[in-house]
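Let me begin by presenting the structure, written as structure tokens, before commenting on it.
Numbering (UniProt numbering), first residue to last: 1 to 293.
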């Protein structure tokens, strides 16, 4: 029996005048998780396309937005608990602080954390400006980055806002302080520059190490369940997200052996980012160093 037919039969057998709106809300919100599954009762069906109602309805408590900075091709991610109205931003860009503050205000959200996946070399972080604009906002980055912040994360530390809980997984190699933030409840991971869509971050500056990157991406990201959605800090080809399964199968660098990967990374011969001399010093101090853009 096809998954579509199973959903239709379940709908016709379960929907009544009194519960149809609740069932529809459950089905619709599941689209927002990227899992597109129908739900049935309080326990999981043996069919893979079913999930628990409790999981789907719990998801309605959360908000997730992917934002974009055209100048640096940077993705910023807004995550929020809609019950507590608390939010966090991952990899905000200083040039987009006005946009971010406006969006938070419109949505009635309180920004608790401004988070970086690593010390960026291609743009100046917005964490410092957000702290100046929003009372109570705190900055977060890995302890390994050695950058200034209100909170420094250790490997496998869990942090978040409300019921949004992220696991900080160390993924060094692009820089020594890179971290990937895994939102297990929503089966998403925010990979920074460690893993890009069909690519990865360069390893020729900021204590980069291709062997370390290969090992950390495989052990900390590609070891996640294959249906986890992955969201990088950048994309240059018009793509927005990928999955663990896709990258295991299609990533042209990380499907190679470690020796082949190291050879590829050591021979990229890329130009340094235009902003590196300004961005790195500024980002070591939350983007607040007094330098010209």
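Note that the Cβ used here is the ideal one computed from N, Cα and C, for glycine as well.
Treat the numbers as computed from the prediction; the structure is a model and nothing was measured.
Look at the alpha carbon of residue 113 and the alpha carbon of residue 161, and state the distance between them as a whole number of angstroms. 8 Å
Find out if the Cβ-Cβ distance for the pair residue 227, residue 243 is shorter than 8 Å. yes
So what does residue 115 bridge to, in DSSP terms? 90, 140
What residue range does the beta strand (DSSP E) around residue 205 cover? Per DSSP, residue 205 belongs to no beta strand (DSSP E) and is neither H nor E.
Within the chosen definition, does the segment 105-112 reach the segment 74-94 through at least 3 CB pairs nearer than 8 Å? yes
Excluding the five sequence neighbours on either side, which residues of its own chain have a C-beta within less than 7 Å of the C-beta of residue 104, listed in chain order? 87, 111
Return the chain-ordered ranges of every beta strand (DSSP E) run that is complete within the segment 203-238 and spans a minimum of 3 residues. 229-232
Between which two residues does the beta strand (DSSP E) holding residue 66 run? 62-69
Run the CB neighbour count on residue 125, radius 10 Å, all protein chains shown included, and call it buried at 16 or more, exposed below. buried
Let me confirm a value: residue 94 is counted as buried when at least 16 other C-beta atoms fall within 10 Å, else exposed. Which label applies? buried
Bridge partners for residue 82 per DSSP, in chain order? For residue 82, which the question treats as bridged, DSSP gives no partner whatsoever.
For residue 232 versus residue 121, is the C-beta spacing smaller than 8 Å? no
Assign residue 25 to buried or exposed, taking buried as 16 or more other Cβ atoms, counted over all protein chains shown, within 10 Å of its Cβ. Annotation note: pLDDT 34 at residue 25 (below 50); position unreliable, coordinate value reported separately. Looking at its Cβ environment, which holds fewer than 16 other Cβ atoms inside 10 Å, residue 25 is exposed.
Residue 89 beta carbon less than 8 Å from that of residue 115: yes
Could you round the C-beta distance between residue 91 and residue 77 to whole angstroms and report it? I think they count as a contact, below 8 Å. 7 Å
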